[in-house]
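The structure appears right after this line, and notes come after that.
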Amino acid sequence: MKMTVIGGGLAGCEAACYLASRGHDVTVKEMRGVKNTPCHKTEHLAELVCSNSLKSVGEDTASGMLKAELELMHCSLLKLAYKAAVPAGGALAVDRSLFSALTEEKLKSLGVKVIRCEADGAEEEGITLIACGPMVSEKMAEYLCEKCGAGLHFYDAVAPIVSADSIDMEKAYFAARYDKGEADYLNCPMTRQEYELFRKELISAERAVLHDFEKGDVFEGCMPIEVLAARGEDAMRYGPLRPVGLRMPDGSKPYAVLQLRRENLAGDAYNLVGFQTNLKFSEQKRVFSLIPALTAAEYLRYGIMHRNTYVNAPGVMNADFSLKSDENVFVIGQLSGVEGYVESIASGLMGAINADRRANRKAPFVPPKSTICGALCRHITSPAGNYQPMNANFGILPPLDGGKIKDKKQRKRAYTLRGIQDMERACADAGL
Ligand SMILES: Cc1cc2nc3c(=O)[nH]c(=O)nc-3n(C[C@H](O)[C@H](O)[C@H](O)COP(=O)(O)OP(=O)(O)OC[C@H]3O[C@@H](n4cnc5c(N)ncnc54)[C@H](O)[C@@H]3O)c2cc1C
């Protein structure tokens with residue numbers, strides 16, 4: 431059947447891979463190349479807009495559990511992410527250029543057509559999957575508003591990237607927290623005096639535009655560092671500047687530590703972990719240079735803040751990611767109200783599985799509620815007064831049978847084990 435995927439980001443590329451592998455005639459319409467978004471930097475498909483981390487792979491983490499579920503569903507982009515992985519301790523971080531290149535190669539090998547254009551609505555023929563992401567163009571946002579009622583939004587921020595050779599290596603050191611795993615992170619320590627000056631300048635620095643996010647509609651998981659700093663003297667030391675377990679090479683304890691994560695395999699660029707910001711570019715350079723290892727840092731990309739749009743899914747969407755008003759139109763990715771790279775890939779895969787099932791007149795596939803994927807499907811359809819995007823976390827899963835397990839790690843492992851077993855059964859039943 432003719433399948434049109436609008437948006438060649440994470441969800442769109444995953445959906446296109448799945449649908450093409452099922453023998454459908456797939457076209458991806460991607461506007462970059464004709465029109466850019468405020469956050470993307472290239473014309474490449476599956477570009478990661480901010481951090482290069484796809485988060486933890488640990489079996490006692492919700493993002494690790496989500497990855498295990500995706501493997502059971504034969505997720506294409508996750509396989510490519512592992513191929514493009516850069517060292518990042520217990521996390522899966524990728525070389526973003528390689529990841530995009532591998533994705534483009536994969537789509538080509540599957541015969542997916544890619545057209546560069548700004549789409550303004552669903553196709554008349556076949557099934558359309560709308561995967562335009564949080565920075566959906568205005569034309570498509572208008573179309574969605576017509577189809578689904580008013581759109582919702584919050585504000586999201588991106589962290590800066592600096593070149594490796596501009597970091598003062600005399601003042602930075604490699605270490606893993608509590609010496610667990612490989613020492614992949616480059617740590618930039620601060621004394622108490624340096625931290626206090628940094629915080630003072632950060633709070634009073636000039637911001638790019640005074641946005642509504644200051645009134646509170648900022649996503650807690652991606653809070654600008656200046657907003658966090660203003661919350662209290664030690665807020666950053668309990669957050670991205672947490673020093674515990676990161677002793678300096680001479681054995682002393684730092685007062686605060688900024689961690690830098692490798693951006694690519696070459697190791698010539700580093701991401702300032704947790705430093706998403708809305709400061710003016712000149713202010714980022716001035717204030718971040720107060721961190722001793724970054725005094726002369728060269729910025730390959732400055733942090734920015736952006737409006738993040740999603741549809742008010744409960745009421746307008748089905749749990750299989752199709753629209754109630756038009757079951758041949760699916761909304762996938764962040765636009766549907768999931769939050770995060772891997773969550774967007776997961777919704778792309780689930781939407782595509784269901785588009786294929788719709789084409790073949792099969793019942794929808796909605797994973798069990800004990801799985802992260804199933805819980806995310808339920809999230810988009812559960813009525814909520816204040817509908818907010820959701821990322822993978824154990825809080826969205828139903829309690830374990832047989833009472834609460836006291837040990838936190840064991841409890842999380844038990845959630846993962848239960849979810850994986852249920853997902854295995856569900857995939858087998860659905861013939862996936
Ligand atoms: C500023 C910002 C920072 C983020 N940082 C992180 C992070 O660090 N970690 C994390 O896990 N998540 C992050 N997210 C959240 C989310 O995971 C990403 O936005 C992710 O890329 C969403 O995937 P997607 O496929 O839904 O959208 P995208 O990957 O953005 O893909 C959407 C695609 O649709 C295209 N498009 C838009 N409109 C049209 C149109 N009319 N016609 C054709 N094409 C169109 C766009 O050009 C784009 O290529 C961030 C989001 C934002 C906004």
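Numbering-wise (my numbering), the sequence shown opens with residue 431 and increments by one. In this text, a Cβ means the ideal position worked out from N, Cα and C, and glycines have one as well. Just so we're clear, the structure is a prediction, and the values are computed from it rather than from any experiment.
Below 8 Å on the Cβ atoms is my guess for residue i versus residue j; work out the distance and round it to an integer in Å.
i	j	result
residue 456	residue 449	5 Å
residue 803	residue 499	5 Å
residue 560	residue 796	Between residue 796 and residue 560 the Cβ distance is about 19 Å, and since that is not below 8 Å, they are no contact.
residue 438	residue 475	4 Å
residue 891	residue 789	A query on residue 891 cannot be resolved here, the shown segment of the chain reaching from 431 to 862 and no further.
residue 817	residue 738	Their Cβ separation, rounded to whole angstroms, is 13 Å, which puts residue 817 and residue 738 out of contact at 8 Å.
residue 655	residue 706	7 Å
residue 516	residue 708	Actually they do not touch by this definition, with Cβ atoms about 27 Å apart.
residue 518	residue 731	Not confirmed; about 18 Å, so no contact.
residue 831	residue 452	With a Cβ gap of about 36 Å, residue 831 and residue 452 do not count as contacting.
residue 820	residue 769	6 Å
residue 461	residue 736	The pair is not a contact, with the Cβ atoms about 16 Å apart (cut-off 8 Å).
residue 800	residue 848	5 Å
Helix, strand or coil, according to DSSP, for residue i in the structure here?
i	result
residue 853	helix
residue 484	strand
residue 617	strand
residue 593	strand
residue 802	helix
residue 455	strand
residue 542	coil
residue 471	coil
residue 628	helix
residue 657	helix
residue 672	coil
residue 759	strand
residue 862	coil
residue 637	strand
residue 826	helix
residue 864	This structure cannot settle anything about residue 864, because the visible part of the chain is limited to 431 through 862.
residue 567	coil
residue 679	coil
residue 807	helix
residue 835	coil
residue 813	coil
residue 491	coil
residue 532	helix
residue 441	helix
residue 411	What is shown of the chain runs 431 to 862, which leaves residue 411 out entirely.
residue 553	coil
residue 778	helix
From the DSSP output, read off the bridge partner residues of residue i.
i	result
residue 747	753
residue 434	457 and 558
residue 521	486
residue 820	768
residue 464	Paired residue(s): none; residue 464 is not in a bridge.
residue 795	None, per the DSSP bridge assignment.
residue 843	None; residue 843 has no bridge partner.
residue 603	617
residue 515	524
residue 729	592
Quick one: does residue i have its CB under 7 Å from some CB of chain C?
i	result
residue 586	Here there is only one protein chain, and chain C is not present.
Going along the chain, which unbroken runs of the beta strand (DSSP E) with 3 or more residues stay wholly within the stretch 682-719?
686-692 and 699-702
Are there three or more Cβ pairs, one per stretch, closer than 8 Å when the stretch 685-693 is compared with the stretch 662-671?
yes
Whether or not the stretch 738-752 and the stretch 805-813 are in contact is what I'm after, with contact meaning three or more pairs of Cβ atoms, one per stretch, closer than 8 Å; do they touch?
yes
Are the stretch 709-716 and the stretch 610-618 in contact at 8 Å, needing three or more beta carbon pairs?
no
How do the stretch 557-576 and the stretch 587-604 stand: do at least 3 beta-carbon pairs fall below 8 Å, yes or no?
no
Contact between the stretch 493-507 and the stretch 847-854 (3+ Cβ pairs under 8 Å)
yes
Indicate whether the contact test is met: 3 or more Cβ pairs, each with one atom in the stretch 718-735 and one in the stretch 615-624, closer than 8 Å.
yes
Whether or not the stretch 524-533 and the stretch 467-474 are in contact is what I'm after, with contact meaning three or more pairs of Cβ atoms, one per stretch, closer than 8 Å; do they touch?
yes
Inspect the CB distances between the stretch 440-448 and the stretch 533-543 and report whether three or more fall short of 8 Å.
yes
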